[in-house]
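Novice: There's a structure below that I have some questions on.
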Amino acid sequence: MGDWDELYRENILEHYKHPRNRGTLEHPDITYEDANPLCGDQLRIDIEVKDGRIEKIRHSGHGCSISQASASMLCERLEGQPLEEVKKLTREDVLEMLGIELGPVRLKCALLALKTVKAGVYGITQWPGEEEGAP
Amino acid sequence: MTPAPPSGVAPAPAARAAFSPEAIRAHFPLLRERREPPLVYLDSAATSQKPDVVLEALQRHYTRTNANIHRGVYRLAEEATAAYEDARRRVAKFVGAGSPRELIFTRNSTEAINLVAYTWARANLVAGDAILLTEMEHHANLVPWHILAGERAVELRFIPVTGDGLLDLGALPGLLADGRVKLTGVVHISNVLGTVNPVAEVARQARAAGALTLVDASQSVPHMPVDVKALGCDFLALTGHKMLGPTGIGALWARRALLEAMPPFMGGGEMIREVRLAGSSWNELPWKFEAGTMPIAEAVGLGAALAFLEDLGMDAVFAHDQELAAYALERLREVPDLRVLGPAAEKRGGVVAFELGDIHPHDVATVLDHQGVAVRAGHHCAMPLHEKLGVHASARASFHCYSLPQDVDALVRGLHRAREVFG
């Protein structure tokens, strides 16, 4: 028993129950929507950019605790940062933020937010090594 | 070769008199093996567990009978051929086929449906024809028709699903009225809702309107008595791994006259009568549709699975499924915010899909998994149905002959736990 708390570490549940930067923006400079059809997770990211910095970033949609918490953590981390920061972020950063080990199915949940932000900012729909993880 | 187990191995339970899931479990090594936490397997609609007799049949085939079939003139090859053809006869008899020649082995139901789509449909359907499906089809009975409709102007129509998870048969006459429907494809038991569909009635109306009927029996043949003549259908697709058999073996049953007229599916060895450099002529049924070396051991294993199920009695298996589903529906009522998809117990088989408040099914399944309860979470290869029901995804518990009421109890405990974690 008990090892569920290893997966649902308190900070994941905390972000899931009280998501940061949740919502949409009225006049976003960047908006991008992506989905994880396998689970039915859907995510939209809105970004307002000012002087090359992420002035405001919001996430909306629906999904499991892992996908929602990672969106919340990612937005919290990126708000106020230079847009360049998005390029530097890797899947390892996201997994480190979540602080958990994930199987291949839940990995996709965890990385949906990063994928959506990167695609929105740079039109990157795939990042190095993604194809190795399939399906 | 007879699929009777070798001496020293307990025979399948002769349980017709008293169906005992506890006694049945003892025949499934994966279920009787001790685990911590104990395994509560509630995903039999995805694939069933395998009894000893099936595993032994595979082992016995490879250790005593292994040779390629229909070729060698030596005795071993003849024995292998006899074992494979014996399995075909068993499957044919199991679904009430008139002749084993009407029973084509495939990899699974998906391949069986694709066989119909790529041969019969492409030889017979022209622009302006229509195919009538239902809103509760598994992707296996949707996507092959999407591909066809992308190639030629064949219209796809759908029998609607009602709010309580039944087919809206009232819509059927209207959908068939213009006479353009040439094929009706209907799932016998929904892998999400558990609904047992009135296939015989659909087939009757389809026939009267000049259409053939294909039944996706993936979830029905493993759980209830199915007779193709009683259903009045023209094609029936089934898969072995959901009925205690190995993966990689399934079957298509079709009326003989249809199969005779259909072009072959895949070209290769065994499916030909004569090959010249300029062309070939086709083998007789059923081998015309079985190109290349088939999954011989898997077919033999499926034969052993059917013998096991026949010993249990399919009426008893279905009654057990229904009883468990009814018990699950009753117990799930105790869980606050839980919404079951699909109809009342008397209209369903051993499948119960549900939503738990706002908690994502993946989270539900993960909490359950950490308590040893294996359920499926997602859209169960039925995205259009989930869309229709206004649900992004669901969690699903499904049963087979070895499932116990205690499995349902463990599920309910796990769901309470999930509410605590995410509440």
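Protein chains in written order, with our numbering: chain W, 3 to 137; chain F, 2 to 424. We put the beta carbon where it would ideally sit given N, CA and C, even for glycine.
Anything in the stretch 45–68 of chain W with a Cβ closer than 9 angstroms to a Cβ of chain F? List those residues in chain order, please.
Specialist: Residues H64, G65, C66, S67, I68.
Novice: Going by DSSP, what residue range makes up the alpha helix (DSSP H) through Y124 of chain W?
Specialist: Here the alpha helix (DSSP H) through Y124 of chain W covers 106–124.
Novice: Can you tell which of W:E78, W:G63, W:A112 has its C-alpha closest to the C-alpha of T33 of chain W?
Specialist: The candidate whose alpha carbon is nearest that of T33 of chain W is W:G63.
Novice: Considering Cα atoms alone, identify which of F:G391, F:Y328, F:R414 is closest to V365 of chain F.
Specialist: Of the listed residues, the one whose Cα sits closest to V365 of chain F is F:R414.
Novice: For the stretch 365–393 of chain F, list every residue whose C-beta sits within 8 angstroms of some C-beta in chain W, in sequence order.
Specialist: Listed by position, the residues of the stretch 365–393 of chain F near chain W (Cβ gap below 8 angstroms) are T367, V368, H371, Q372, A378, G379, H380, M384, H387, H393.
Novice: Of all the residues that make up the stretch 335–365 of chain F, which are near chain W by a beta-carbon distance shorter than 7 angstroms?
Specialist: Per Cβ criterion, the list reads H361, H363, D364.
Novice: Along chain F, in chain order, which residues have C-beta atoms closer than 8 angstroms to that of G101 of chain W?
Specialist: Chain F residues near G101 of chain W: none, gap ~16 angstroms exceeds 8 angstroms.
Novice: Name the two residues that bound the continuous beta strand (DSSP E) containing T214 of chain F.
Specialist: Taken as a continuous stretch (DSSP letters only), the beta strand (DSSP E) holding T214 of chain F covers 213–217.
Novice: Can you find a CB in chain W that lies within less than 8 angstroms of the CB of F319 of chain F?
Specialist: Not closer than 8 angstroms to any Cβ of chain W, the Cβ of F319 of chain F fails to qualify, so no.
Novice: Do A115 of chain W and S72 of chain W have their C-beta atoms closer together than 8 angstroms?
Specialist: In this structure, S72 of chain W lies closer than 8 angstroms to A115 of chain W by Cβ.
Novice: Would Q407 of chain F be called buried (16 or more neighbouring beta carbons within 10 Å of its own) or exposed?
Specialist: With fewer than 16 Cβ atoms within 10 Å of its Cβ, Q407 of chain F is classed as exposed.
Novice: I'd like the list of long-range same chain contacts for K389 of chain F, defined as Cβ closer than 7 angstroms, with 5 residues on each side in sequence excluded.
Specialist: Result list for K389 of chain F: E136, V162, in chain order.
Novice: Name the residues in the stretch 27–47 of chain W whose C-beta lies less than 9 angstroms from a C-beta of chain F; which are they?
Specialist: Those residues of the stretch 27–47 of chain W that come within reach of chain F (Cβ to Cβ, closer than 9 angstroms) are P39, L40, C41, G42, D43, Q44.
Novice: From M2 of chain F to R397 of chain F, what distance separates their C-alpha atoms?
Specialist: Only weak support exists for where M2 of chain F lies, its pLDDT of 40 falling under 50; the value from the coordinates is given anyway. Each residue's alpha carbon lies about 39 angstroms from the other.
Novice: By the three-class DSSP mapping on this structure, what secondary structure does T111 of chain F have?
Specialist: Correct three-state label for T111 of chain F: helix.
Novice: Could you check whether the stretch 169–177 of chain F touches the stretch 321–334 of chain F, counting it as contact only if at least three pairs of C-beta atoms, one from each stretch, sit closer than 8 angstroms?
Specialist: With a cut-off of 8 angstroms, the stretch 321–334 of chain F and the stretch 169–177 of chain F do not count as touching, because too few Cβ pairs lie within range.
Novice: Check this for me: beta carbons of A81 of chain F and A93 of chain F, under 8 angstroms apart or not?
Specialist: Going by C-beta atoms, A81 of chain F is not nearer than 8 angstroms to A93 of chain F.
Novice: With burial defined as no fewer than 16 other Cβ atoms inside 10 Å of the residue's Cβ, what is the status of G135 of chain W: buried or exposed?
Specialist: Its pLDDT being 41, under 50, G135 of chain W is placed unreliably by the model, and the measurement read from it follows with that caveat. Counting Cβ neighbours within 10 Å, G135 of chain W comes out exposed, since fewer than 16 surround it.
Novice: Could you give the first and the last residue of the continuous beta strand (DSSP E) run that contains G186 of chain F?
Specialist: Segment 182–188, the beta strand (DSSP E) holding G186 of chain F.
Novice: Report, in whole angstroms, the separation of the C-beta atoms of T120 of chain F and P264 of chain F, which I expect to be a contact under 8 angstroms.
Specialist: Sure, about 5 angstroms apart at Cβ, within 8 angstroms.
Novice: Does any heavy atom of the ligand ADP sit closer than 7 angstroms to the C-beta of N192 of chain F?
Specialist: Within the structure as shown, the ligand ADP is missing, as the structure has no ligands at all.
Novice: R61 of chain W by DSSP, collapsed to three states: which one?
Specialist: Residue identity differs from the one stated: residue 61 of chain W is His in this sequence, not Arg. It is a strand residue.
Novice: Going by DSSP, what residue range makes up the alpha helix (DSSP H) through Q206 of chain F?
Specialist: Looking at the DSSP string, the run of the alpha helix (DSSP H) that includes Q206 of chain F is 200–209.
Novice: Is the Cβ of F95 of chain F closer than 8 angstroms to any Cβ of chain W?
Specialist: Chain W, which has no Cβ nearer than 8 angstroms to the Cβ of F95 of chain F, makes this no.
Novice: Pop quiz: G251 of chain F and R108 of chain F are said to be a contact at Cβ under 8 angstroms. What is the actual Cβ separation, rounded to whole angstroms?
Specialist: Right, the Cβ-Cβ distance comes to about 6 angstroms (below 8 angstroms), so this counts as a contact.
Novice: To which residues does DSSP link K52 of chain W through a beta bridge?
Specialist: The partner list for K52 of chain W (beta bridge, DSSP) reads W:R55.
Novice: Please state if the CB of P247 of chain F and the CB of V55 of chain F are separated by a distance shorter than 8 angstroms.
Specialist: Yes, they are a contact pair.
Novice: Which parts of the stretch 288–313 of chain F are runs of the alpha helix (DSSP H), unbroken and 4 residues or longer, counting only runs that do not cross its ends?
Specialist: Complete alpha helix (DSSP H) runs here, min 4: 297–313.
Novice: Whose Cβ in chain W lies nearer than 9 angstroms to the Cβ of F423 of chain F?
Specialist: Ordered by position in chain W, the residues that pass the 9 angstroms Cβ test against F423 of chain F are Y10, L15, Y18, K19, S67.
Novice: Say whether chain F places a C-beta atom closer than 8 angstroms to the C-beta of C111 of chain W.
Specialist: Cβ-Cβ to chain F under 8 angstroms: yes for C111 of chain W.
Novice: Should E335 of chain F go down as buried or exposed, given a rule of 16 or more other Cβ atoms within 10 Å for buried?
Specialist: Classification of E335 of chain F: exposed, given that the 10 Å Cβ count is below 16.
Novice: Is the beta carbon of A46 of chain F closer than 8 angstroms to that of N192 of chain F?
Specialist: Taking 8 angstroms as the Cβ cut-off, N192 of chain F and A46 of chain F qualify as a contacting pair.
Novice: Exposed or buried, V227 of chain F, counting other C-beta atoms within 10 Å across all chains shown (16 or more means buried)?
Specialist: Under this definition V227 of chain F is a buried residue.
Novice: Do you know how far the Cα of A178 of chain F is from the Cα of T240 of chain F?
Specialist: So the two alpha carbons sit approximately 33 angstroms from each other.
Novice: Is the beta carbon of V197 of chain F sitting closer than 8 angstroms to the one on K51 of chain F?
Specialist: No, Cβ-Cβ distance for V197 of chain F and K51 of chain F is not below 8 angstroms.
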